[in-house]
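Following: one structure in C-alpha cells, then a few remarks.
In the working numbering, the protein residues as written are -4 to 108.
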C-alpha cells in the first residue's frame, strides 16, 4: 500500500510516447501515494480522459506532437488541468519528471505559480 498523500484522491494521467518511461514515472508516483495511469499514444490518452475522471494530465515528449489538439480539447471538456514535464533518456529523466510533477502538484495545492 502506498504512503498517504494529501493529493492521493486526485487522479493523474501521464502521457508519454515511451511506454516504459511513462510506466516508470507512473510507478514512482504511485509509490509516493499518487493515483496515476499512463498512456503512450493519442488514442489511448483520449480514451482514458473520456472514460475516467482525471484531475491532472501531464505531458512528456508526447506534448511535442502536433496531434495534441484532440487531447487538449478532451481535457478541457473534462476540466482536467494540463501541464508538461521534462523528459529524456535514462533514470535521471524519470527522477526529474517525478520531481517536476510533484512540485507542480504542490504549487497547485498551495496556490503558487
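Cβ atoms here follow ideal geometry from the backbone N, Cα and C, with glycine treated the same way.
Q. Is residue 76 closer than 8 Å to residue 23 when the C-beta atoms are compared?
A. No, the pair does not count as a contact, with Cβ atoms beyond the cut-off.
Q. When we look at the beta-carbon of residue 105 and count the other beta-carbons within 10 Å, is it buried (16 or more) or exposed?
A. Around the CB of residue 105, fewer than 16 other CB atoms lie within 10 Å, so the residue is classed as exposed.
Q. Could one say the Cβ of residue 51 lies closer than 8 Å to chain B's Cβ atoms, at least one of them?
A. This model lacks chain B altogether; it includes just one protein chain.
Q.
What would DSSP say about residue 100, mapped onto helix, strand or coil?
A. Here residue 100 sits in helix by DSSP.
**Q.** Same chain, Cβ closer than 6 Å to residue 78, neighbours up to 5 away in sequence not counted
**A.** Closer than 6 Å at the Cβ level, and outside the excluded window around residue 78, lie 53, 99.
Q) Going by beta carbon distance, what residues of the same chain come within less than 8 Å of residue 10, once the five residues before and after it are set aside? A) Correct list, in chain order: 17, 33, 34, 35, 40, 52, 53, 54, 55, 57, 58, 66.
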